[in-house]
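What follows is one structure encoded as structure tokens, with my remarks underneath.
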Amino acid sequence: MCSGKGKPLVLIGFILVSLEMIVSANTGFSISIYNVTSRNIYLRWSKFSGAVSYRITATPRNTVGHSLLAHFSDVPVKGILTSLTPNTVHTVKVEAIDKNGIILAEAQTKQLTAPEIPVIDQAYSKLSNSITVEWAGVPGATSYLLTAQDGESFIETIVINSPGTVTGLKAATLYKITIRSINSGGRSLPSPSKKAKTVLAAPVLSVSSPSYNSIVVSWGAVYMAVGFSVSIMRSDGLGSMMKENTTHTSLVFTSLDPGTLYTIKAHAWNVNGIPGDDFTYNQITSPHAPSDVQVAFDSGTLRATVSWIPTEGTLNYSVTASSGASKLNCSTSSTSCTLSSLQCGSEYSVYVIANNGAGSSKPTDAVSLKTVPCAPGSITIEEDNPGKLSVSWSNADLGDYYVVFVKSDDGLEVHCNTSHTQCHFQSDCGFTYFISVFAYNKAGQSPLGDIFNYTTAPCSPEIKNVSQDDLSIISVHWQANNDEAIYTVTVRGEAGLWHCTSSGNSCSITGLPCGSVFSVSAVAITTAGQSLPSYSVPLETAPCCPNDLTVTQVMQSITNISWSVGAGAKTYITILESLKGPARCHTLQNHCLLGCITCGTNYTVALKVISETGLASYCTYQDYSSSACCPSGVKLYRLGNNGIRIYWRASAGLISTDLYGSKGNFTCIPTPGLNYCDVTEIPCGDVYTVVVSPVPEKGSKITFCPKKIYSVTCSGSSVGMVIYRGKRSAE
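Just so you know, we're using the numbering used here here: the sequence shown kicks off at 61 and counts up by one.
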């Protein structure tokens with residue numbers, strides 16, 4: 061079945077268990093029942109040839125009653141039997157009768173009539189989608205069919221007994237209610253109707269908890285409602301219920317317990333004050349913010365454990381640590397949470413929020429968390445002076461003080477604790493130091509930064525010996541006490557600087573000027589730098605040989621030697637040496653007279669130059685030959701009227717004779733091989749100085765030979781007597 065106008069129809073079918081169709085075995089004549097009520101049976105039969113009418117008889121079975129007889133013409137093939145007994149099994153027989161009243165054929169069946177029509181006592185609505193019906197039960201009814209009709213639409217439902225409820229109805233709508241009784245034979249006709257109106261629909265609540273102690277309830281308009289009633293109480297039954305009536309569509313309940321589950325009920329009422337459906341909603345209030353937030357920082361892992369006292373009704377907690385634009389979060393259902401990956405040198409504001417289905421609490425008061433400072437940067441290591449190591453670094457954010465650890469490669473470790481950004485350490489030469497700098501604050505120690513190694517400007521070498529291999533070459537020997545070092549020796553003096561380099565333990569320096577005083581020092585150089593200079597060793601080079609030396613024979617047996625000043629010289633020893641022996645002179649001056657010189661002899665000339673400290677240079681010069689011996693036995697003889705012969709003992713080499721007088725000077729060069737020389741036209745009456753001397757091959761005339769004085773008298777105009785007056789040495 062379908063409802064009118066296509067509206068939904070709730071129809072639960074029933075089974076007519078006694079509905080039968082009986083066919084005559086001989087003729088094929090049959091009868092069937094298509095509907096049954098309490099007092100009516102609706103049937104049809106097949107046409108039978110020759111029949112002009114049909115007779116139908118209904119006889120109650122197993123009960124006292126009268127049979128019901130009905131006649132039908134040949135035209136209809138269906139009919140209705142009325143005024144039957146409700147809830148009674150009837151034998152129904154159809155007979156086909158011809159025009160002579162003879163029965164041509166018959167068919168019969170058994171049929172149970174429906175129960176009596178029930179009567180509705182009352183119909184009312186407790187829910188907006190249903191109406192409840194109450195009635196007195198009728199005998200034989202196994203179920204009842206309830207019908208609620210709204211205009212041309214209706215809804216049916218089958219129930220077993222009273223009361224029964226029709227559901228699926230519209231709220232606040234007037235319905236016409238009827239009821240039919242049902243058994244296995246059929247269903248009765250509808251009962252007299254009663255009108256009932258469904259109550260108002262329940263308001264559909266929207267509930268939230270904007271704060272830990274309040275709940276906001278709102279709803280939309282309800283059809284036909286003029287007011288609303290909303291109640292709230294703790295779901296656990298503790299405390300008292302709060303109830304509010306309002307004509308508005310929202311309410312706020314305050315002074316509630318935080319984190320507590322509340323049950324909210326609401327219904328609308330109409331102009332008659334009849335309440336509609338209840339709407340029930342469970343809502344938990346937002347949690348209260350946690351209390352007593354504690355932060356424990358682990359400097360080793362850069363983690364912080366945040367703990368707090370739990371708050372009622374919290375599902376989980378959110379922890380946030382913010383520092384500038386950086387935020388870290390963790391979430392937990394317990395009462396502590398660990399924040400990982402914190403940044404060193406940062407200050408965080410840490411707060412906790414409690415969460416549940418209603419939302420979140422207000423954040424707790426922020427707790428300040430200062431992490432450990434970051435490892436100091438811009439670390440520089442310098443050896444300001446050998447033996448003093450300086451370590452400096454840049455300021456570390458949040459650093460209160462710093463500790464510098466310096467460990468040498470022999471295992472010894474020292475440290476420096478300072479609030480400044482520099483530390484000084486004593487250091488030994490030739491060591492490698494491993495240096496790390498940590499910053500500290502109340503949170504602890506900074507992470508380990510870079511570890512620096514620094515090898516100290518190597519140990520100073522120790523000069524063992526300085527030797528002078530030659531006038532201009534020295535060799536410096538030292539003790540090599542550094543691995544993989546290059547040594548540089550510096551010779552410093554007024555004359556300048558000289559260097560030599562070696563990876564061993566000695567080197568030589570050439571080209572040092574003579575007669576100079578120097579200081580010699582050495583340094584070791586490695587990749588780590590340069591050592592302090594060694595202790596200086598004084599060095600004095602041998603005095604310089606004079607550039608110029610002159611030998612002058614001032615007497616036949618005396619020679620004057622002079623020379624230029626030799627740099628660095630303090631005293632001099634001159635040496636003239638021949639096969640006949642040496643002649644020496646030791647003087648502070650730069651000249652010296654040497655006696656005992658043998659005439660006509662070749663000499664080697666040497667000069668020993670001695671410094672103030674005793675260093676000596678032996679200087680050799682060009683050989684010197686003493687002049688030829690002065691002739692001896694010089695005599696003057698008168699020669700003719702105006703001439704004089706000068707005579708001497710035989711002498712090697714050329715001889716020069718000179719006469720010096722007031723009336724003139726005369727020179728005579730004798731013929732080689734002769735031992736006299738004649739001077740003619742000499743004036744008489746004068747005193748003459750006579751010098752007979754050898755003539756050198758080079759150089760000036762010798763002036764140191766003995767001079768003799770003679771008087772030459774006159775005899776008339778001619779030379780008279782020659783008188784020897786005496787002898788004198790050269791001036």
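In this text, a Cβ means the ideal position worked out from N, Cα and C, and glycines have one as well.
**Prompt:** Can you tell me whether DSSP reads K475 as helix, strand or coil?
**Reply:** What you label residue 475 is simply residue 415 of the sequence shown in a count that begins at 1. One detail in the question is off: residue 475 reads as His in this sequence, not Lys. Strand at H475.
**Prompt:** Helix, strand or coil: how does DSSP classify T117 here?
**Reply:** Start at 1 with the first residue of the sequence shown, and residue 117 comes out as number 57. Reduced to three states, the DSSP call for T117 is strand.
**Prompt:** Ordered along the chain, which non-local residues of its own chain (more than five positions away) have a Cβ less than 8 Å from that of D338?
**Reply:** As a first step, residue 338 is located in the sequence shown; it is residue number 278 there, counting from the start. Contacts found: A262, K325, A326, H327.
**Asked** Which word fits A85, buried or exposed, when buried means at least 16 other C-beta atoms lie within 10 angstroms of its C-beta?
**Response** On the sequence shown, residue 85 is found 25 positions in, with the first residue counted as 1. Reliability of the predicted coordinates at A85 is poor, the pLDDT of 45 falling under 50, and no value is obtained from them.
**Message:** In whole angstroms, give me the CA-to-CA distance for V83 and R104.
**Reply:** For the purposes of this step, residue 83 is taken as the residue at position 23 of the sequence shown. For the purposes of this step, residue 104 is taken as the residue at position 44 of the sequence shown. In this predicted model, V83 has a pLDDT of only 45, less than 50, meaning its place in the structure is not dependable; the value taken from the coordinates is given anyway. Each residue's Cα considered, the two are about 12 Å apart.
**Request:** Would you mind reading off the limits of the beta strand (DSSP E) that contains Y461?
**Result:** By one-based count along the sequence shown, residue 461 stands at place 401. Under the DSSP assignment, Y461 falls in the beta strand (DSSP E) whose first and last residues are 461-468.
**Prompt:** Using a Cβ-Cβ cut-off of 7 Å (strictly less than) and excluding sequence neighbours within five positions of D158, which residues of its own chain qualify?
**Reply:** One-based indexing of the sequence shown puts residue 158 at position 98. If we look at D158 and ignore the five residues flanking it on each side, its Cβ neighbours are G110, A111, V112, L164.
**Rounded distance between the beta-carbons of A381 and L399, thought under 8 Å** = Taking the sequence shown and counting its residues from 1, the one referred to as residue 399 is at position 339. Taking the sequence shown and counting its residues from 1, the one referred to as residue 381 is at position 321. With 8 Å as the limit, L399 and A381 qualify as a contact, their Cβ atoms being about 5 Å apart.
**Prompt:** Which word fits C656, buried or exposed, when buried means at least 16 other C-beta atoms lie within 10 angstroms of its C-beta?
**Reply:** Within the sequence shown, the letter at position 596 stands for residue 656. It is exposed - the Cβ of C656 has fewer than 16 other Cβ atoms within 10 Å.
**Prompt:** Does the separation of the CB atoms of V410 and V355 fall below 8 Å?
**Reply:** The sequence position of residue 410 within the sequence shown is 350, counting from 1. The sequence position of residue 355 within the sequence shown is 295, counting from 1. Yes; because the gap between Cβ atoms is below 8 Å, this pair is in contact.
**R709 (DSSP reduced to helix, strand or coil)** = Here residue 709 is taken as the residue at index 649 of the sequence shown, counted from 1. Coil.
**Whole-angstrom distance between G674 and S716, CA atom to CA atom** = Locating residue 716 in the sequence shown gives position 656, counting from the first residue. Locating residue 674 in the sequence shown gives position 614, counting from the first residue. The alpha-carbon of S716 is positioned some 47 Å away from that of G674.
**Residues near E304 in its chain [Cβ-Cβ closer than 6 Å; skip 5 each side]** = The residue labelled residue 304 in the question sits at position 244 within the sequence shown. For E304, where only same-chain residues beyond five positions count, the Cβ hits under 6 Å are V290, L311.
**Message:** Can you look up H537 in the DSSP assignment and give me helix, strand or coil?
**Reply:** Position 477 of the sequence shown holds residue 537. Three-state result, H537: strand.
**Request:** Tell me, please, whether the segment 574-586 touches the segment 638-656 by the rule of three or more beta-carbon pairs shorter than 8 Å.
**Result:** no
**Message:** Restricting to Cα atoms, I'd like to know which of T217, I344, G245 is closest to V277.
**Reply:** In the sequence shown, counting from the first residue as 1, residue 277 sits at position 217. The candidate whose alpha carbon is nearest that of V277 is I344.
**Asked** The beta strand (DSSP E) with M293 in it runs from where to where?
**Response** For the purposes of this step, residue 293 is taken as the residue at position 233 of the sequence shown. Following the DSSP letters along the chain, one finds M293 inside the beta strand (DSSP E) bounded by residues 287-294.
**Where V366 falls, given that 16 or more other Cβ within 10 Å makes a residue buried** = Here residue 366 refers to the residue found at position 306 when the sequence shown is read from its first residue. Burial call: buried.
**Request:** Leaving aside the five residues before and after S775 along the sequence, list all residues of the same chain whose C-beta is less than 8 Å from its C-beta, in chain order.
**Result:** By 1-based counting over the sequence shown, the position of residue 775 is 715. Only C744, M781 meet the Cβ criterion.
**Message:** Can you list, in chain order, the residues of its chain with a C-beta nearer than 6 Å to that of S520? Leave out the 5 residues immediately preceding and following it.
**Reply:** By one-based count along the sequence shown, residue 520 stands at place 460. Taken in chain order, the residues that qualify are S591, L592, S594.
**Message:** Let me make sure I understand the geometry here. Which of L458, S438, A435, P423 has the alpha-carbon closest to that of L5?
**Reply:** The structure shown has nothing for residue 5, since the chain only spans 61 to 791.
**Pairwise C-alpha distance: S188 and V282** = Stepping through the sequence shown from its first residue, residue 282 is reached at position 222. Stepping through the sequence shown from its first residue, residue 188 is reached at position 128. Going from the Cα of V282 to the Cα of S188 covers about 11 Å.
**Item:** Cα-Cα separation between C679 and A666, rounded to whole angstroms
**Value:** Locating residue 679 in the sequence shown gives position 619, counting from the first residue. Locating residue 666 in the sequence shown gives position 606, counting from the first residue. One C-alpha to the other measures close to 5 Å.
**Prompt:** Does at least one heavy atom of the ligand PLP sit under 7 Å from the Cβ of A174?
**Reply:** This structure lacks the ligand PLP; in fact it carries no ligand of any kind.
**Prompt:** For M302, which of helix, strand or coil comes out of DSSP?
**Reply:** As a first step, residue 302 is located in the sequence shown; it is residue number 242 there, counting from the start. Of the three classes helix, strand and coil, the one that applies to M302 here is strand, per DSSP.
**Request:** Could you pull out every residue in the same chain whose Cβ sits closer than 8 Å to the Cβ of I242, ignoring the five residues on either side in sequence?
**Result:** For the purposes of this step, residue 242 is taken as the residue at position 182 of the sequence shown. Here the set comprises F74, A174, P175, A201, T202, S203, Y204, L205, I218, S248.
**Request:** Starting from the C-beta of D746, find all residues in its chain whose C-beta is less than 7 Å away, skip the five residues before and the five after it, and write them out in chain order.
**Result:** The residue given as residue 746 occupies position 686 in the sequence shown. Excluding residues up to 5 positions away in sequence, G721, S722, K723, V772 lie with their Cβ nearer than 7 Å to the Cβ of D746 in the same chain.
**Message:** Could you give the first and the last residue of the continuous beta strand (DSSP E) run that contains S185?
**Reply:** Numbered from 1 along the sequence shown, position 125 holds the residue referred to as residue 185. 180-187 is the extent of the beta strand (DSSP E) around S185.
**Request:** In angstroms with no decimal places, state the Cα-to-Cα distance between M81 and H131.
**Result:** What you label residue 81 is simply residue 21 of the sequence shown in a count that begins at 1. What you label residue 131 is simply residue 71 of the sequence shown in a count that begins at 1. Any reading at M81 must be qualified, since the residue scores a pLDDT of 44, below 50, and its modelled position is unreliable; the value itself is stated next. Going by the C-alpha atoms only, they are around 19 Å apart.
**Item:** With 16 other Cβ atoms within 10 Å as the buried cut-off, status of Q182
**Value:** To locate residue 182, count along the sequence shown from 1; it is residue 122. Result: exposed.
**Message:** Please give the ranges of any beta strand (DSSP E) in the segment 413-459, keeping only runs that are unbroken, at least 3 residues long and fully inside the region.
**Reply:** 427-430, 440-445, 448-452
**Contact check, R644 vs T658, beta carbons under 8 Å** = Position 584 of the sequence shown, counted from the first residue, corresponds to residue 644. Position 598 of the sequence shown, counted from the first residue, corresponds to residue 658. No, the pair does not count as a contact, with Cβ atoms beyond the cut-off.
**Length of the line joining the Cα atoms of A499 and E544** = Position 439 of the sequence shown, counting from 1, holds the residue named residue 499. Position 484 of the sequence shown, counting from 1, holds the residue named residue 544. When rounded, the distance between both Cα atoms is 36 Å.
**Residues of its chain near Q528, where Cβ-Cβ distance is below 6 Å and the 5 sequence neighbours each way are ignored** = Taking the sequence shown and counting its residues from 1, one reaches residue 528 at position 468. Short of 6 Å from the beta carbon of Q528, and not among the five residues preceding or following it, lie these beta carbons of its own chain, in chain order: I534.
**Request:** Could you please give me the residues that DSSP links to C519 through a beta bridge?
**Result:** On the sequence shown, position 459 is the one that residue 519 refers to. Answer is none; C519 lacks a bridge partner.
**Request:** Determine the contact status of T142 and N95, defining contact as a CB-CB distance below 8 Å.
**Result:** For the purposes of this step, residue 142 is taken as residue 82 along the sequence shown, with counting starting at 1. For the purposes of this step, residue 95 is taken as residue 35 along the sequence shown, with counting starting at 1. No. Outside cutoff.
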